[in-house]
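Here the structure comes first, spelled out in structure tokens, and everything after it is commentary.
Protein chains: 4
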Amino acid sequence: LNALKNSKVRKLDPDHITAVRCDGISIGEGTFTVVAGPCAVESEEQTLTAAKAVEKAGARIFRASLFKPRTSPHSFQGIGAEGIPILAAIKEETNLIVETEVLSPLHLPLLIDHVDMLRIGSRSMRSYELLKEVGKTRMPVILKRGMSATLEEFLLAAEYILAGGNEQVVLCERGIRTFETYTRNTLDILAVPALKELTHLPVIVDPSHASGRSSLVIPASKAALAAGADGLLVEVHPHPEEALSDGYQALDIPTFEGMMGELKALVPAFGKEM
Amino acid sequence: LNALKNSKVRKLDPDHITAVRCDGISIGEGTFTVVAGPCAVESEEQTLTAAKAVEKAGARIFRASLFKPRTSPHSFQGIGAEGIPILAAIKEETNLIVETEVLSPLHLPLLIDHVDMLRIGSRSMRSYELLKEVGKTRMPVILKRGMSATLEEFLLAAEYILAGGNEQVVLCERGIRTFETYTRNTLDILAVPALKELTHLPVIVDPSHASGRSSLVIPASKAALAAGADGLLVEVHPHPEEALSDGYQALDIPTFEGMMGELKALVPAFGKEM
Amino acid sequence: LNALKNSKVRKLDPDHITAVRCDGISIGEGTFTVVAGPCAVESEEQTLTAAKAVEKAGARIFRASLFKPRTSPHSFQGIGAEGIPILAAIKEETNLIVETEVLSPLHLPLLIDHVDMLRIGSRSMRSYELLKEVGKTRMPVILKRGMSATLEEFLLAAEYILAGGNEQVVLCERGIRTFETYTRNTLDILAVPALKELTHLPVIVDPSHASGRSSLVIPASKAALAAGADGLLVEVHPHPEEALSDGYQALDIPTFEGMMGELKALVPAFGKEM
Amino acid sequence: LNALKNSKVRKLDPDHITAVRCDGISIGEGTFTVVAGPCAVESEEQTLTAAKAVEKAGARIFRASLFKPRTSPHSFQGIGAEGIPILAAIKEETNLIVETEVLSPLHLPLLIDHVDMLRIGSRSMRSYELLKEVGKTRMPVILKRGMSATLEEFLLAAEYILAGGNEQVVLCERGIRTFETYTRNTLDILAVPALKELTHLPVIVDPSHASGRSSLVIPASKAALAAGADGLLVEVHPHPEEALSDGYQALDIPTFEGMMGELKALVPAFGKEM
Chain A
1 LNALKNSKVR
11 KLDPDHITAV
21 RCDGISIGEG
31 TFTVVAGPCA
41 VESEEQTLTA
51 AKAVEKAGAR
61 IFRASLFKPR
71 TSPHSFQGIG
81 AEGIPILAAI
91 KEETNLIVET
101 EVLSPLHLPL
111 LIDHVDMLRI
121 GSRSMRSYEL
131 LKEVGKTRMP
141 VILKRGMSAT
151 LEEFLLAAEY
161 ILAGGNEQVV
171 LCERGIRTFE
181 TYTRNTLDIL
191 AVPALKELTH
201 LPVIVDPSHA
211 SGRSSLVIPA
221 SKAALAAGAD
231 GLLVEVHPHP
241 EEALSDGYQA
251 LDIPTFEGMM
261 GELKALVPAF
271 GKEM
Chain B
275 LNALKNSKVR
285 KLDPDHITAV
295 RCDGISIGEG
305 TFTVVAGPCA
315 VESEEQTLTA
325 AKAVEKAGAR
335 IFRASLFKPR
345 TSPHSFQGIG
355 AEGIPILAAI
365 KEETNLIVET
375 EVLSPLHLPL
385 LIDHVDMLRI
395 GSRSMRSYEL
405 LKEVGKTRMP
415 VILKRGMSAT
425 LEEFLLAAEY
435 ILAGGNEQVV
445 LCERGIRTFE
455 TYTRNTLDIL
465 AVPALKELTH
475 LPVIVDPSHA
485 SGRSSLVIPA
495 SKAALAAGAD
505 GLLVEVHPHP
515 EEALSDGYQA
525 LDIPTFEGMM
535 GELKALVPAF
545 GKEM
Chain C
549 LNALKNSKVR
559 KLDPDHITAV
569 RCDGISIGEG
579 TFTVVAGPCA
589 VESEEQTLTA
599 AKAVEKAGAR
609 IFRASLFKPR
619 TSPHSFQGIG
629 AEGIPILAAI
639 KEETNLIVET
649 EVLSPLHLPL
659 LIDHVDMLRI
669 GSRSMRSYEL
679 LKEVGKTRMP
689 VILKRGMSAT
699 LEEFLLAAEY
709 ILAGGNEQVV
719 LCERGIRTFE
729 TYTRNTLDIL
739 AVPALKELTH
749 LPVIVDPSHA
759 SGRSSLVIPA
769 SKAALAAGAD
779 GLLVEVHPHP
789 EEALSDGYQA
799 LDIPTFEGMM
809 GELKALVPAF
819 GKEM
Chain D
823 LNALKNSKVR
833 KLDPDHITAV
843 RCDGISIGEG
853 TFTVVAGPCA
863 VESEEQTLTA
873 AKAVEKAGAR
883 IFRASLFKPR
893 TSPHSFQGIG
903 AEGIPILAAI
913 KEETNLIVET
923 EVLSPLHLPL
933 LIDHVDMLRI
943 GSRSMRSYEL
953 LKEVGKTRMP
963 VILKRGMSAT
973 LEEFLLAAEY
983 ILAGGNEQVV
993 LCERGIRTFE
1003 TYTRNTLDIL
1013 AVPALKELTH
1023 LPVIVDPSHA
1033 SGRSSLVIPA
1043 SKAALAAGAD
1053 GLLVEVHPHP
1063 EEALSDGYQA
1073 LDIPTFEGMM
1083 GELKALVPAF
1093 GKEM
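Protein chains in written order, with this note's numbering: chain A, 1 to 274; chain B, 275 to 548; chain C, 549 to 822; chain D, 823 to 1096.
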């Protein structure tokens, strides 16, 4: 991986670790951090219900998108800037850190003062002008791997953000596109230890997009822990069957609670805390 | 392909064809249109030399990028807005239509008055907010297939532009990412007749990115013609070995002239004009 | 492609060409050779009807499988050795060269005296013990590319046959497996000129398996010719809708006749004879 | 997965489990079974050293190939039938179950009386005539997934063996071919729980071929356990740097011992025994 030489993402020695810190939590330093929430903000009620439930179950960061990049322009595109007060309500009524997706440089100014953490989705991993803009901020950001990005390309996308001076980057493996159709994507579980060899940045896994099936989210999450991931990014919805997007891969609240219970019991065996 | 039902990109009957018109030329209506030029504007001299040569050889549209999306932030990122006067010089000194890549909504206002046609690159096919902005203009646009996009996803990306009211879209097959590494990408040649079955929009082929090897550009171009493409998007550089990007896949001027001679002789056998 | 050094398949200079000869025809030496016939021998009537029709339309070699490698054991597995008299009837009643698939070393002795040419299917490209057995014969053989084989692996599979002393190998590109599902496989059209750069062996294309759709077979065949292929391997069935296997990708006889007419008109423009 | 209807591999209800039994061990019934050994039998000393070491570390089954399917005919093809006495020595000097690869129907009679368990490699998953022959035996067999096989195709390959009356089949996920090149293949970890949903057969994982890098074998193995696998197939060599094949992915003996220690500590947390 020659292109990584002299890069800022490169791991310099086995102990070289960057922890991404946000509002009292630290990702990548011996913790297993769960980011959870619905695919999209749909209504205040749906969002608050999800937030309170994931907080109660032990998640520390709440995910919810206002702007949704959808394959078809005729699908639900997200509630947009109208949802900002809903995110504000989450911050008031819970102790969760609030994270949301930014998918255009035009949206960045709208979001930056209202959320704690940004997410760059798989479709935007190669939107280098967006990465440059995010690199100018000092906000923690979850960068998801492009669905056809090699590890080298993924790390060089992160390099765009670090090169701008923002080192608060969490890498997220979320499955790659292959010929297999039983799962929505193919979870490249070995990306986790491979990235740990190559970079000092924290690495989390999105079991929801990787599998595209709620029945596979729990084994995917356990495999992520076992492979050395620093956390998860999970879709949870109070009523998956009514979700406006991605409902088939969201966990309902009791299933998420069950998974969190299982994970809490397993985490110490892998030398981490939760 | 259920998601195409009720879409604007869908072909309604076998004779349903949209020609994309620009400054006296028409793409998709029985012509074989060659878009040619260097990967990037590097200097006025390099750009003008390339432009005059491709015009002389029979190309009608000149391609040259000011902004380059590169895998690494440490690679040449394009000359940027400083190159706009160079594109103006092309328009003065030749009869070529000038086309360039737009890769961020932030750049669109800079480019829109200075070029005749926009290009949306493979990395940006899923930048739906950019597609929406381009859909608000009435500029002809070449939309390149994402390197891991299915034909359905490709057509739905075009739908974002059409849904905004801009029907001037030329689809460009440029190779998809597979396990094969001899070529940079795998030219999905059957995407051409498949798209012709599914949509009324014109379809061209980029043999340069598809192959990533100048030695394969000529057979790729002939195959595109034979498969029913409406034209080509080809990289040509006066000195490929000195190019700041993608030199290994660019044709030098004599090779491009030779290819154009061969294509002119073949085009009538496929019922087209050039 | 280091592994090709010192191989027998490697092209030593631009003029290094091996023609595969069989019963008066020569593949790879300026001709465009069409191998055509049904996926499988189903009955004497179906097979003879197909054979006479493809001969009349200009095909020189007849393809028809007795043994079929099917994804499910519960699908039609081919008529087996019972069909040998049917192949004998073809040889009596036509001037066609008869080709069939060998998919196990156990079948080779049954087939070797009854056909003129062997085919090794995509699923068997990595059956190296079979390749070694075929290498011990002196029969012409069509070796199809494995659906996930790189060009290097494909050439090294051919090397197994050449290493045994049998140089009568025709390579056949038949599409590779990718994420795209509109076509059955992705025709890697640039494999044709790439193989022509790397090896002295003839290269043909199977447009039927590559596309998996009869509507795409004609453009695929023209693209193969334009890319430099030495011929085609095409599925033709008197009644595709009644075929016991692969009917959706077979041409009916009138469509095949039409295609052959078009190809005959195009072949001279590409410097070949038919 | 329509093709699985009425198949023998299909899981009929959540409790439907088939345990594969061999010489006192049982795979798939609450145990985590480790199959370990060198890629190939190279010499009596190398093989015995490896066997004794893996037995001491806790492996129950010994893997070692006599016949090797290699990409190039000029690479080491295995010691062949000459190695049978070496396998006999393993059975005398240890309590290990001995497993080896069968890659041609021609080899089956040579092997069947000398080993306890057969392996069908990734390249042979589509060699249906071989699967039929193995289906006629009553030997336990490890069937590895083809490198480009969907889960449905993989299960239907197993169906060939079950349809012959042999239900002693262990499925092995060993990585699929994708665009990523950092790892030799992409370990499709979610194949494990997906197969567990679809079939009653046991499922193990080959972390060595999946990763192609000894540094990733331990995290891959832990992920396999966490995802619900019934065991592992691991390459171990006394001197990986001198191995005649696949040395870069083999564990040396101390590393294997370390991994076994870690796994023994983790297995109970996943409700299994070792």
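The C-beta atom is built at its ideal place from N, Cα and C for all residues, glycine as well.
Legend entry - In chain order, each alpha helix (DSSP H) run of at least 4 residues that lies wholly inside the segment 643 to 682 of chain C: Within the segment 643 to 682 of chain C, the complete alpha helix (DSSP H) runs of at least 4 residues are 656 to 659.
Legend entry - Alpha-carbon to alpha-carbon, residue 91 of chain A and residue 312 of chain B: Those two C-alpha atoms are separated by around 51 Å.
Inset, instruction - For residue 279 of chain B, name the three-state secondary structure that DSSP assigns. - result: Residue 279 of chain B: coil per DSSP, three-state reduction.
Inset, instruction - Compare the C-alpha of residue 471 of chain B against each of C:767, C:740 and C:590 and name the closest. - result: Ranking C:767, C:740 and C:590 by Cα distance to residue 471 of chain B puts C:767 first.
Legend entry - Inter-residue Cα distance where the pair is residue 123 of chain A and residue 893 of chain D: It is roughly 36 Å from the alpha-carbon of residue 123 of chain A to the alpha-carbon of residue 893 of chain D.
Inset, instruction - Mind checking the segment 175 to 203 of chain A against chain B and listing, in chain order, the residues whose C-beta falls within less than 7 Å of any C-beta there? - result: Contact residues of the segment 175 to 203 of chain A toward chain B are 177 (C-beta to C-beta distance below 7 Å).
Inset, instruction - Between the Cα of residue 539 of chain B and those of B:524, B:526, B:510 and B:499, spot the shortest distance and give me the residue it belongs to. - result: Comparing Cα positions, the closest option is B:499.
Legend entry - Cβ-based neighbour list, residue 828 of chain D, same chain, cut-off 7 Å, excluding 5 preceding and 5 following: So no residue of the chain qualifies.
Inset, instruction - Decide if residue 1016 of chain D is buried, meaning its Cβ has at least 16 other Cβ atoms within 10 Å, or exposed. - result: Burial call: buried.
Inset, instruction - Measure the C-alpha to C-alpha separation of residue 703 of chain C and residue 565 of chain C and round it to an integer number of angstroms. - result: For residue 703 of chain C and residue 565 of chain C, the distance between alpha carbons rounds to 15 Å.
Inset, instruction - Starting from residue 806 of chain C, follow the alpha helix (DSSP H) in both directions and report where the run begins and ends. - result: Segment 801 to 814, the alpha helix (DSSP H) holding residue 806 of chain C.
Legend entry - residue 864 of chain D, DSSP secondary structure in three states: Taken through DSSP and simplified to helix, strand or coil, residue 864 of chain D comes out as coil.
Inset, instruction - Give the DSSP-derived three-state secondary structure of residue 199 of chain A in the structure shown. - result: For residue 199 of chain A, the secondary structure class from DSSP, reduced to helix, strand or coil, is strand.
Legend entry - Cβ-Cβ distance between residue 719 of chain C and residue 749 of chain C below 8 Å: Yes, Cβ-Cβ distance for residue 719 of chain C and residue 749 of chain C is below 8 Å.
Inset, instruction - Provide the residue span of the alpha helix (DSSP H) that contains residue 711 of chain C, from first to last. - result: Taken as a continuous stretch (DSSP letters only), the alpha helix (DSSP H) holding residue 711 of chain C covers 699 to 711.
Legend entry - Beta carbon proximity, residue 430 of chain B to chain A, threshold 8 Å: Put simply, the CB of residue 430 of chain B is near chain A, with a gap under 8 Å to one of its CB atoms.
Inset, instruction - In the DSSP assignment, find the unbroken alpha helix (DSSP H) run with residue 575 of chain C in it and report its ends. - result: It is not in any alpha helix (DSSP H) - residue 575 of chain C instead sits in the beta strand (DSSP E) that spans 573 to 575.
Legend entry - Contact list for the segment 877 to 891 of chain D against chain C, Cβ threshold 7 Å: Answer in chain order: 891.
Legend entry - Beta-carbon proximity list for residue 696 of chain C, same chain, < 7 Å, skipping 5 on both sides: Within the same chain, residue 696 of chain C has close Cβ partners 724 and 725.
Legend entry - Ranges of the alpha helix (DSSP H) found wholly within the segment 37 to 83 of chain A, counting only runs of at least 4: Counting only runs of 4 or more, we get 44 to 57.
Inset, instruction - Spell out whether any CB of chain A is found under 8 Å from the CB atom of residue 836 of chain D. - result: Taking Cβ atoms only, chain A never reaches closer than 8 Å to residue 836 of chain D, which makes this a no.
Inset, instruction - Could you tell me whether the Cβ of residue 671 of chain C comes closer than 8 Å to any Cβ of chain D? - result: Yes - at least one Cβ of chain D is within 8 Å of the one on residue 671 of chain C.
Legend entry - residue 171 of chain A, DSSP secondary structure in three states: Of the three classes helix, strand and coil, the one that applies to residue 171 of chain A here is strand, per DSSP.
Inset, instruction - Below 7 Å between beta carbons is the criterion; list the residues of the segment 767 to 785 of chain C that meet it against any residue of chain B, in chain order. - result: Residues 767, 768, 770, 771, 773, 774, 775 and 776.
Inset, instruction - Measure the Cβ-Cβ separation of residue 457 of chain B and residue 490 of chain B and say whether it is below 8 Å. - result: Between residue 457 of chain B and residue 490 of chain B, the gap from beta carbon to beta carbon is short of 8 Å.
Inset, instruction - Report the three-state DSSP secondary structure of residue 204 of chain A (helix, strand or coil). - result: In the structure shown, residue 204 of chain A sits in a strand (DSSP, three-state: E or B).
Inset, instruction - List the endpoints of the continuous beta strand (DSSP E) containing residue 964 of chain D. - result: It spans 963 to 966 - the beta strand (DSSP E) in which residue 964 of chain D sits, taken as one unbroken run.
Inset, instruction - Give me the Cα-Cα distance between residue 56 of chain A and residue 3 of chain A, rounded to the nearest whole angstrom. - result: Their backbone Cα atoms lie some 44 Å apart in a straight line.
Inset, instruction - Assign residue 714 of chain C to one of two classes, buried (16 or more other C-beta atoms within 10 Å of its C-beta) or exposed (fewer than that). - result: Residue environment analysis places residue 714 of chain C among the buried positions, since at least 16 neighbouring C-beta atoms fall within 10 angstroms of its C-beta.
Legend entry - Proximal residues, the segment 128 to 139 of chain A versus chain B, C-beta separation under 9 Å: The segment 128 to 139 of chain A vs chain B, Cβ under 9 Å: 128, 129, 130, 131, 132, 133 and 135.
Inset, instruction - For residue 998 of chain D, name the three-state secondary structure that DSSP assigns. - result: Residue state, collapsed to three classes: strand.
Inset, instruction - For residue 271 of chain B, count neighbouring C-beta atoms within 10 Å of its own C-beta (all shown protein chains included) and say buried if the count is 16 or more, exposed if not. - result: Only positions 275 to 548 of chain B appear in this structure, which leaves residue 271 of chain B out of reach.
Inset, instruction - Would you identify the three-state DSSP class for residue 499 of chain B, choosing helix, strand or coil? - result: DSSP, reduced to helix, strand and coil, places residue 499 of chain B within a helical segment of the structure shown.
Legend entry - Min CB distance residue 524 of chain B to chain C below 8 Å: Output row for residue 524 of chain B: interface = no.
Inset, instruction - Return yes when the Cβ of residue 473 of chain B is within less than 8 Å of the Cβ of residue 294 of chain B, no when it is not. - result: Taking 8 Å as the cut-off, the beta carbon of residue 294 of chain B is found no closer than this to the beta carbon of residue 473 of chain B.
Legend entry - 8 Å Cβ cutoff, residue 106 of chain A in contact with chain B: It does; some Cβ of chain B falls within 8 Å.
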